[in-house]
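A.B. asks:
2 protein chains.
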Amino acid sequence: MSTKKIPHRLYLTEEQMPKQWYNLRADMKEQPDPIINPATGKPAAVEDLYPVFCEELAKQEMDDTTRYIDIPEEVQEMYKIYRPSPLCRAYNLEKALGTPAKIYYKFEGNNTSGSHKLNSAIAQAYYAKQQGITNLTTETGAGQWGTALSEACSYFGINLDIFMVKVSYNQKPFRKAIMETFGGKVIASPSDTTNAGRAILAEDPDNSGSLGCAISEAVEKAVTTENCKYVLGSVLNQVLLHQSIIGLEAKQAMEQLGEYPDVVIGCAGGGSNLGGLIAPFIQDKLTGKANPVIRAIEPASCPSFTRGKYAYDFCDTGKITPMAKMYTLGCTFKPSASHAGGLRYHGMSPILSKLYHDGYMEAEAVEQTKVFEAATMFAKLETILPAPESAHAIRGAIDEALRCKETGEEKTILFGLTGTGYFDMTAYMAFNEGKMADYIPTDEDLAPGFAALPKIPGIQE
Amino acid sequence: MSTKKIPHRLYLTEEQMPKQWYNLRADMKEQPDPIINPATGKPAAVEDLYPVFCEELAKQEMDDTTRYIDIPEEVQEMYKIYRPSPLCRAYNLEKALGTPAKIYYKFEGNNTSGSHKLNSAIAQAYYAKQQGITNLTTETGAGQWGTALSEACSYFGINLDIFMVKVSYNQKPFRKAIMETFGGKVIASPSDTTNAGRAILAEDPDNSGSLGCAISEAVEKAVTTENCKYVLGSVLNQVLLHQSIIGLEAKQAMEQLGEYPDVVIGCAGGGSNLGGLIAPFIQDKLTGKANPVIRAIEPASCPSFTRGKYAYDFCDTGKITPMAKMYTLGCTFKPSASHAGGLRYHGMSPILSKLYHDGYMEAEAVEQTKVFEAATMFAKLETILPAPESAHAIRGAIDEALRCKETGEEKTILFGLTGTGYFDMTAYMAFNEGKMADYIPTDEDLAPGFAALPKIPGIQE
Numbered sequence: 003m004s005t006k007k008i009p010h011r012l013y014l015t016e017e018q019m020p021k022q023w024y025n026l027r028a029d030m031k032e033q034p035d036p037i038i039n040p041a042t043g044k045p046a047a048v049e050d051l052y053p054v055f056c057e058e059l060a061k062q063e064m065d066d067t068t069r070y071i072d073i074p075e076e077v078q079e080m081y082k083i084y085r086p087s088p089l090c091r092a093y094n095l096e097k098a099l100g101t102p103a104k105i106y107y108k109f110e111g112n113n114t115s116g117s118h119k120l121n122s123a124i125a126q127a128y129y130a131k132q133q134g135i136t137n138l139t140t141e142t143g144a145g146q147w148g149t150a151l152s153e154a155c156s157y158f159g160i161n162l163d164i165f166m167v168k169v170s171y172n173q174k175p176f177r178k179a180i181m182e183t184f185g186g187k188v189i190a191s192p193s194d195t196t197n198a199g200r201a202i203l204a205e206d207p208d209n210s211g212s213l214g215c216a217i218s219e220a221v222e223k224a225v226t227t228e229n230c231k232y233v234l235g236s237v238l239n240q241v242l243l244h245q246s247i248i249g250l251e252a253k254q255a256m257e258q259l260g261e262y263p264d265v266v267i268g269c270a271g272g273g274s275n276l277g278g279l280i281a282p283f284i285q286d287k288l289t290g291k292a293n294p295v296i297r298a299i300e301p302a303s304c305p306s307f308t309r310g311k312y313a314y315d316f317c318d319t320g321k322i323t324p325m326a327k328m329y330t331l332g333c334t335f336k337p338s339a340s341h342a343g344g345l346r347y348h349g350m351s352p353i354l355s356k357l358y359h360d361g362y363m364e365a366e367a368v369e370q371t372k373v374f375e376a377a378t379m380f381a382k383l384e385t386i387l388p389a390p391e392s393a394h395a396i397r398g399a400i401d402e403a404l405r406c407k408e409t410g411e412e413k414t415i416l417f418g419l420t421g422t423g424y425f426d427m428t429a430y431m432a433f434n435e436g437k438m439a440d441y442i443p444t445d446e447d448l449a450p451g452f453a454a455l456p457k458i459p460g461i462q463e
Numbered sequence: 003m004s005t006k007k008i009p010h011r012l013y014l015t016e017e018q019m020p021k022q023w024y025n026l027r028a029d030m031k032e033q034p035d036p037i038i039n040p041a042t043g044k045p046a047a048v049e050d051l052y053p054v055f056c057e058e059l060a061k062q063e064m065d066d067t068t069r070y071i072d073i074p075e076e077v078q079e080m081y082k083i084y085r086p087s088p089l090c091r092a093y094n095l096e097k098a099l100g101t102p103a104k105i106y107y108k109f110e111g112n113n114t115s116g117s118h119k120l121n122s123a124i125a126q127a128y129y130a131k132q133q134g135i136t137n138l139t140t141e142t143g144a145g146q147w148g149t150a151l152s153e154a155c156s157y158f159g160i161n162l163d164i165f166m167v168k169v170s171y172n173q174k175p176f177r178k179a180i181m182e183t184f185g186g187k188v189i190a191s192p193s194d195t196t197n198a199g200r201a202i203l204a205e206d207p208d209n210s211g212s213l214g215c216a217i218s219e220a221v222e223k224a225v226t227t228e229n230c231k232y233v234l235g236s237v238l239n240q241v242l243l244h245q246s247i248i249g250l251e252a253k254q255a256m257e258q259l260g261e262y263p264d265v266v267i268g269c270a271g272g273g274s275n276l277g278g279l280i281a282p283f284i285q286d287k288l289t290g291k292a293n294p295v296i297r298a299i300e301p302a303s304c305p306s307f308t309r310g311k312y313a314y315d316f317c318d319t320g321k322i323t324p325m326a327k328m329y330t331l332g333c334t335f336k337p338s339a340s341h342a343g344g345l346r347y348h349g350m351s352p353i354l355s356k357l358y359h360d361g362y363m364e365a366e367a368v369e370q371t372k373v374f375e376a377a378t379m380f381a382k383l384e385t386i387l388p389a390p391e392s393a394h395a396i397r398g399a400i401d402e403a404l405r406c407k408e409t410g411e412e413k414t415i416l417f418g419l420t421g422t423g424y425f426d427m428t429a430y431m432a433f434n435e436g437k438m439a440d441y442i443p444t445d446e447d448l449a450p451g452f453a454a455l456p457k458i459p460g461i462q463e
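Protein sequences appear in the order of chains G and E. For the first sequence, position 1 (counting from the first letter as 1) is numbered 3 according to my numbering, and the numbering increases by one without interruption. For the second sequence, position 130 (counting from the first letter as 1) is numbered 132 according to my numbering, and the numbering increases by one without interruption.
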């Protein structure tokens, strides 16, 4: 380990920035199970994806052999406007906790989208532009992905329709406003603009929406609109590929400091940030170079890793997408309305699901009041108000650091701070006023066939 | 000039960060006129300030001889959590404008307060803590200063009462929420908690507030509360001192790139950012080392430089503070309710007023729809959604770059991007929907004795 003083924030130089993404699948001994066309029951071919996805992105989706994929020049140029993101040492947090652990975080919130989502949004908009696509559709939950994609589409001159989960749409008028500032068109989902939306509203006119439902609408809109494709900000293999820049930069910066993490912690919804952050560390595990603990932190109110089934399921509520083998709560699951922020997807990235299933990573579910306690503590000490999603990872890092305090272990912890909470003040207000509730799905809340899932250790047992 | 590729963002290393603030007054050939105690008509002594200000800050306020003042270790440590801020090259903006000019900006928004205000907030809270002060009061307009000071007080364990201009308080519930998250207590001003507030409400129960009024309330609260002092985020000499870190870092980063600005542009409300940004460049002018153009951009709806009188005036509406010689619209002036964001103070930093009066800098007033046009253009190109205040400087930089396009001059422009606009979405929504109005004060709007002020060139003439 280096003896020099470790700075509070380390930025790589522009020259040091990664010029290739890392494709984790190339190092996996066993591949995730293929996505399946539900009509045929057979694995989908890359061509099967072209009606929905941009071709280059569909190829990236299916590519499990190319270890490093060049980041196109124009994408690199855009990355340079807001990257590299800093690797930060949480000195104040360490001191306040009285832990012997060293806590690092990779901060992805220093851009107007407010999160890491811009890393993939730029790539996806770029490939769409290259293909001559003029229209994109997508969905957004908390709004970070929608904001990021609005920014990217604005830059590349692409029209964008965003289906925003209704509960977020209503709670976050300013999220909508920022997407509109960048030219995105925002539609509350479920909406009456698609068959999928109308079907859900017919059954339940007050349906407050879910990511799964918004995906159905966005996919339907894409395939029924001329020169239009669908893009997604999480879950997909291509997204994890683009997000690998987080982990690559983090690892490189730690190496520069003579550091290597004992524990890598990320929040998990669909897996975009987690998959990107942990990619090069999983590589070390897969290749036998190192063996850090990798830990996903997810909401107890949407606990796909810790309570889901590892099974083939639809990626959307309307069952119009292919099926993926993943940890899932069932495609009709939606988290309680009391659940704040993102991390509300019923399933989980197939890559991460496979790694978790094969024992390469752990997962832990936490309740949101505990998450906001961690968020508020962190904000006061480290001067960054975290997004509720990111605060799950903070909670995980604090818990790990407190365990180190008990055992005296001087572990090196790295966590992903994916974004900022400026558009989540309604949730912070609820927390400040003692009005925030915790909720754990009951058997009744779960999709048919998903009842009697395992209990969450430490919370339900 | 260096031939190497200039990066999009340059961060100094932690070791390169300034360890001293620069006190511009030490190099001024003629000093700003002293502040005057209105009761005696005589210049105030440093002791006269102690009932209101922390002692060390009062000393800094009066110190016009010490050129460099050490930044205390603990303040340096806090700076390192969010600094150095990047010097950015606006390549995309240059390209979109088709200008031969090079556009640089110093971005101060990468911290949760969302602006440069944290630079002085930390210093002021630190000195209060050192003196054993347990309570502080302040005012805030747009909310950036209140947020910054809440963060700083939370860190140093000081209670804070924030008088927030009522129109902002009502428009920005989330600004209030973030201050409360950091433990600040927020009161809409004018309030019924002070004599000053009650007097204003008695005359006009619907008074929507002004910075001048909020200052009266905060000062009154400070002098009537035990172990309580008043702090201010702009206008004062001490604030410009602390903010000099912006200019010092910017100049150092430009030197590292082999660059020097031909034009330095900053937005101006009370002068905190502008005074900090331009300090080392004004030094070059004062000492004959260089002669860059220095330009303040202010709102046409609150045009103290371009339409104000250079005269002694109260710093607050309630006339309980000392009087300062400054460009002022009269201490009872308040901008139209249609004016969005900050930059709403009736006066201007006495240091900047003197420099302007003596011809060391220029000033320009711009209308807010033009400002939001610039803001939106910048956001789309540079992926940062600017605060309305900061967007005044963007407007100035764009206008300068467009002049360069006409003349073919390859000027190097540096502007200050003070903060982000995440809490200003109401204003962006008004702009997006075509509902934003411009307003220029009429003679009737001006304070008694301030009618028939000069017209704004290019707007009123």
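Backbone N, C-alpha and C fix where the C-beta goes; we use that ideal spot for every residue, glycine too.
(1) Short check: CB of Y314 of chain G to CB of K327 of chain G, under 7 angstroms?
(2) In angstroms with no decimal places, state the Cα-to-Cα distance between K413 of chain E and E261 of chain E.
(3) If you run the structure through DSSP and keep just helix, strand and coil, what is I180 of chain G?
(4) Measuring straight from C-alpha to C-alpha, what distance separates Q18 of chain G and T420 of chain G?
(5) Applying the criterion that 16 or more other CB atoms from any shown protein chain within 10 Å of the CB defines a buried residue, is T67 of chain G buried or exposed?
(6) Spell out the partners DSSP gives T142 of chain E in its beta bridges.
(7) Say whether the stretch 184 to 195 of chain E touches the stretch 212 to 223 of chain E, bearing in mind that this needs 3 or more beta-carbon pairs closer than 8 angstroms, one atom from each stretch.
(8) Suppose the cutoff is 6 angstroms on Cβ atoms and the five residues either side in sequence are ignored; what does the same chain contact list for G268 of chain E look like?
(9) Within the 7 angstroms Cβ cut-off, does L357 of chain E reach chain G?
(10) Within 7 angstroms of any Cβ in chain G, is that where the Cβ of K82 of chain E sits?
(11) Say whether chain E places a C-beta atom closer than 7 angstroms to the C-beta of F482 of chain G.
(12) Assuming A46 of chain E contacts P324 of chain E under a Cβ cut-off of 8 angstroms, what Cβ separation, rounded to an integer in Å, is found between them?
(13) Assign G459 of chain G to buried or exposed, taking buried as 16 or more other Cβ atoms, counted over all protein chains shown, within 10 Å of its Cβ.
(14) List the residues of chain E that S156 of chain G touches, going by C-beta distances under 8 angstroms, in chain order.
(15) Any Cβ of chain E within less than 7 angstroms of the Cβ of L213 of chain G?
(16) Would you please verify whether the beta carbon of Y424 of chain E is less than 7 angstroms from any beta carbon of chain G?
(17) Nearest to R397 of chain E by CA position, among E:Y358, E:Y362, E:A302, E:I71, is which residue?
(18) Looking at chain E, which residues of the stretch 134 to 161 of chain G have a Cβ within less than 8 angstroms of any of its Cβ atoms?
(19) Do G116 of chain G and T330 of chain G come within 7 angstroms of each other at the CB atom, strictly closer than that value?
(20) Does the distance from the CB of A98 of chain E to the CB of L383 of chain E come in under 7 angstroms?
(21) Do A125 of chain G and V167 of chain G have their CB atoms nearer than 7 angstroms?
(22) Would you say L387 of chain G lies against chain B (beta-carbon separation less than 7 angstroms)?
(23) Which residues, in chain order, does the stretch 174 to 208 of chain E contribute to contact with chain G at a C-beta distance below 7 angstroms?
(24) Ignoring anything shorter than 4 residues or poking outside the stretch 242 to 320 of chain E, list the alpha helix (DSSP H) runs there in chain order.
(25) Hey, how far is the Cα of E375 of chain G from the Cα of P388 of chain G?
(26) Kindly indicate which three-state DSSP category D194 of chain G falls into: helix, strand or coil?
(27) Could you compute how far the alpha carbon of Y13 of chain G sits from the alpha carbon of V188 of chain G?
(28) Are there 16 or more other CB atoms within 10 angstroms of the CB of R456 of chain G, so buried, or fewer, so exposed?
(29) If I follow the unbroken alpha helix (DSSP H) through C215 of chain G, where does it start and stop?
(30) Go ahead and pull the three-state DSSP assignment for V54 of chain E.
(31) Strictly below 7 angstroms CB to CB, what residues from chain G border M427 of chain E?
(32) Would you verify that the beta carbon of E465 of chain E is, or is not, closer than 7 angstroms to some beta carbon of chain G?
(33) Taking Cβ-Cβ distances shorter than 7 angstroms, what residues in chain E pair up with E16 of chain G?
(34) Would you mind stating whether Q133 of chain G and C56 of chain G have Cβ atoms separated by less than 7 angstroms?
(35) How long is the line joining the alpha carbons of S122 of chain E and V241 of chain E, rounded to whole angstroms?
(36) With a Cβ-Cβ cutoff of 7 angstroms, do I71 of chain G and A92 of chain G count as a contact?
C.D. replies: Taking the coordinates as given:
(1) yes
(2) 11 angstroms
(3) helix
(4) 21 angstroms
(5) exposed
(6) E:M166
(7) yes
(8) N275, L276, L279, A395, G418
(9) no
(10) yes
(11) The structure shown has nothing for residue 482 of chain G, since chain G only spans 3 to 463.
(12) 5 angstroms
(13) According to the sequence displayed, residue 459 of chain G carries Pro and not Gly. Classification of P459 of chain G: exposed, given that the 10 Å Cβ count is below 16.
(14) K382
(15) no
(16) yes
(17) E:A302
(18) E153, S156, Y157
(19) no
(20) yes
(21) no
(22) In the structure shown, chain B does not exist; the protein chains are G and E.
(23) F176, A179, I180, E182, T183, F184
(24) 274 to 288, 306 to 309
(25) 11 angstroms
(26) coil
(27) 35 angstroms
(28) First, the amino acid is wrong: residue 456 of chain G is Pro here, not Arg. Answer is exposed; the Cβ neighbour count stays below 16.
(29) 213 to 225
(30) coil
(31) F176, A179, I180
(32) In the structure as shown, chain E starts at 3 and stops at 463, and residue 465 of chain E therefore has no counterpart that could be examined.
(33) P9, H10
(34) yes
(35) 6 angstroms
(36) no
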